[in-house]
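Protein chains in written order, with the working numbering: chain V, 1 to 408; chain P, 409 to 816.
C-beta: ideal position from N, C-alpha, C; glycine also.
Bear in mind that the values here come from a model prediction, so they are computed numbers and not experimental data.
First up is the structure itself, then whatever we jot down about it.
Have a look at this one:
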């Protein structure tokens, strides 16, 4: 029997999906499980999209251009212009989700053995795409005590070697919810320019910026136009993760010409998803206003609720719909499994994502979890209450142990 | 400005799309261009699919399981059972077209530097996926004079080295239309077993077998259950190329577990496409009977028409909807460009795919073209007539030159 590949062996398993069998077992016992572990929003897809998809009149579901519908790319150019970003339809390739944009972008820009610097914690699947392309992810650790701000420039510079070819950021961040300031983006620009690196910017949460904060796109940075590769997606923006439609965008002509060769090999991005994506361009502004208002309420419930629990630290994110929390536990991995396997409070429990999978370094994420606030406000309140009780009951709780030790 | 990757530089450009600017120029001049160059069928998608898609009632277009809808995979297992192929839902991963099945399959089974043997001419994008995975495609040349039958076993054996890890076939073949016999499949089985290789079988044209011929799937071969990786797609079967839904199928548990890790990194296959694919499982048999009857008529018109032209050789294919033809020209590439750039007959011309892009070897494809018979019968007849006139007028026509020489 032939063996599988080395890359295949090295591919990381999804850090989130490992707990799924335990969640299934809890459900089978009749326990309500609050899913705070995944980024699948419960928000409705915009009406304009649902309407369009309910009235399709296709006779043949045909391939599109490998770069995607020209009309859709032109529509996207206008969408970006609304953010002050000047790009043309030729600077874009429609991809099968942000995932394919990352994979094709990495294959286009980096050689096996190259290194890319990524502030951690980062979106766990960056590891998967880097492994598939033979790249080495070099982490620079951001700290929970300053809300996961961009690590100081010296921390990046220490990690630049002769194999370093790029920096990859997610802004606003998954899993941190951190929104980079203009000054932080300019720090990145200077570093990218000085070291002739690619800057990959995953901006799929662009619309999710709160408290009046402004999003500073990497595409707005002057002087590194040929260095920036933008990864985008309709998944979160319009709550249509299943459409599998994203975009790879760069003003670097060689990057786009090369990416198109990868695009041609796989023929075209999904036709239905593109129709949905193009329809979504007409989403009224009030959709985002409403969605943002809802997420702000949820975020506030979550962050305030968590920080009220003794020993829990949860910085307030300015964007996306995730928060990272430090829990007073021996191991977040064990705690998350225990929540599903051995705990329930009023027949309810919580599913969280242990943060270790979002770090390349061993250690800093061991007591952290990522929480996606994708549940409605009441469910979120119950989930927090549940978590509070769990932290009291968990045998490996540092808080409970400390209290027990103080009492004994 | 940072450079693009080596793999990116090595990625082949689509051999078909190179001619697109010439076709656009011909259209701009008002010339009718018969597109015999692409595999986009004009056949209507089954009514059951169009009906389903016209009555969607989704509120949130959500991710699916990374391996695809369980219900769809169970439905597919029944579909395969109809061909005597026994597989379970766990032996399958739904992919974004056959393209992603190939890419993930190759990444799962092969290491960069590995060699895979592929009978040529082959589907040009195999080159693209192999390049993206760092694999070397080692061709074994099939011959037009026996209709592109499987080359003799000795031809394969001569090419097996210590880096050979697999054989990749397309059955029925794109671009040849050749359908492997049971004996040929057994030859492949023995070779695969003796050398402990993976056998990748691209069977996306399974439904397109003519004249009562039977399809012998690689999944039916005994004794190499852990070696076979099946690549499948709904694109051609149901004339829904744009759905971008395919499948990677293997009974090898390590292959499927590893493939799923690649699948998890990209989250899920397209949701709309899966809904369409699942609906398509209910396509009535008469759809295929009608489609096959139509393609047989087209094939006969094409093959008979071409073979009537002096100097043209076109074997009669038993499957798929392509034919390879040898033309009496100095260079098929030049001829195809000339057809679009400099020729028209009654204001019409023909777009063909030069076959060189379907060969890894230099030489054997230089006078060949691939013709997709995806036009209705009248258009096909006009296209053949056009081609006949073109071969008389083409300055590099060997036939015309021979006649001219004989006359002088």
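Could you check how far apart the C-beta atoms of residue i and residue j are, in whole angstroms? I think they sit under 8 angstroms.
i, j, result
"residue 11(V)", "residue 96(V)", "Actually they are not in contact, since the Cβ atoms of residue 11(V) and residue 96(V) sit about 18 angstroms apart, beyond 8 angstroms."
"residue 243(V)", "residue 273(V)", "4 angstroms"
"residue 325(V)", "residue 38(V)", "At roughly 16 angstroms, the Cβ-Cβ gap does not stay under 8 angstroms, so residue 325(V) and residue 38(V) are not in contact."
"residue 412(P)", "residue 258(V)", "5 angstroms"
"residue 483(P)", "residue 686(P)", "6 angstroms"
"residue 586(P)", "residue 725(P)", "6 angstroms"
At a CB-CB cut-off below 8 angstroms, which residues of chain V make contact with residue i?
i, result
"residue 450(P)", "60"
"residue 680(P)", "53, 242, 243, 270, 272, 273, 276"
"residue 722(P)", "Under the 8 angstroms cutoff, chain V gives no residues; its nearest Cβ is about 26 angstroms from residue 722(P)."
"residue 425(P)", "66, 264"
"residue 507(P)", "265, 266, 267"
Determine the chain V residues that contact residue i at a beta-carbon separation under 7 angstroms, and present them in chain order.
i, result
"residue 597(P)", "Per Cβ cutoff of 7 angstroms: no residues; residue 597(P) is ~14 angstroms from chain V at best."
"residue 518(P)", "5"
"residue 471(P)", "40, 241, 242"
Buried or exposed for residue i, going by 16 or more other Cβ atoms inside 10 Å?
i, result
"residue 27(V)", "exposed"
"residue 759(P)", "buried"
"residue 92(V)", "buried"
"residue 146(V)", "exposed"
"residue 211(V)", "exposed"
"residue 236(V)", "buried"
"residue 635(P)", "buried"
"residue 152(V)", "exposed"
"residue 73(V)", "buried"
"residue 47(V)", "exposed"
"residue 120(V)", "buried"
"residue 623(P)", "buried"
"residue 508(P)", "buried"
"residue 252(V)", "buried"
"residue 289(V)", "exposed"
"residue 762(P)", "buried"
"residue 418(V)", "Summary: the structure shown does not reach residue 418(V), with chain V confined to residues 1 through 408, and so no result is reported for it."
"residue 368(V)", "buried"
"residue 409(P)", "exposed"
"residue 433(P)", "exposed"
"residue 784(P)", "exposed"
"residue 414(P)", "exposed"
"residue 171(V)", "buried"
What are the boundary residues of the alpha helix (DSSP H) that includes residue i?
i, result
"residue 574(P)", "Where residue 574(P) is concerned, there is no enclosing alpha helix (DSSP H), although the beta strand (DSSP E) it sits in stretches over 572-578."
"residue 21(V)", "20-28"
"residue 9(V)", "6-10"
"residue 340(V)", "332-341"
"residue 288(V)", "285-308"
"residue 778(P)", "From DSSP, residue 778(P) is part of no alpha helix (DSSP H) but of the beta strand (DSSP E) over 776-780."
Tell me the residue span of the beta strand (DSSP E) that contains residue i.
i, result
"residue 641(P)", "636-641"
"residue 129(V)", "No beta strand (DSSP E) contains residue 129(V), which is instead part of the alpha helix (DSSP H) from 125-132."
"residue 247(V)", "246-249"
"residue 731(P)", "730-734"
"residue 757(P)", "756-759"
"residue 115(V)", "115-120"
"residue 501(P)", "500-503"
"residue 442(P)", "440-443"
"residue 196(V)", "Segment: none, residue 196(V) is in no beta strand (DSSP E) and carries neither H nor E."
For residue i and residue j, I'd like the C-alpha separation in whole angstroms.
i, j, result
"residue 386(V)", "residue 143(V)", "27 angstroms"
"residue 564(P)", "residue 515(P)", "23 angstroms"
"residue 462(P)", "residue 616(P)", "27 angstroms"
"residue 322(V)", "residue 356(V)", "15 angstroms"
"residue 103(V)", "residue 129(V)", "6 angstroms"
"residue 81(V)", "residue 184(V)", "23 angstroms"
"residue 796(P)", "residue 803(P)", "14 angstroms"
"residue 340(V)", "residue 160(V)", "41 angstroms"
"residue 196(V)", "residue 165(V)", "8 angstroms"
"residue 442(P)", "residue 653(P)", "28 angstroms"
"residue 727(P)", "residue 535(P)", "22 angstroms"
Closer than 9 angstroms by beta-carbon distance: list the chain P residues that pair up with residue i, in chain order.
i, result
"residue 385(V)", "Going along chain P, no residue has its Cβ under 9 angstroms from residue 385(V), so there is no contact; the nearest lies around 26 angstroms."
"residue 56(V)", "458, 461, 462, 464"
Applying a beta-carbon distance threshold of less than 8 angstroms, which residues of chain P neighbour residue i?
i, result
"residue 261(V)", "416, 419, 420, 421, 422, 536"
"residue 227(V)", "409, 410"
Cβ closer than 7 angstroms: which chain P residues qualify as neighbours of residue i?
i, result
"residue 397(V)", "Those do not exist, as residue 397(V) stays about 31 angstroms from chain P at its closest Cβ, beyond 7 angstroms."
"residue 255(V)", "412"
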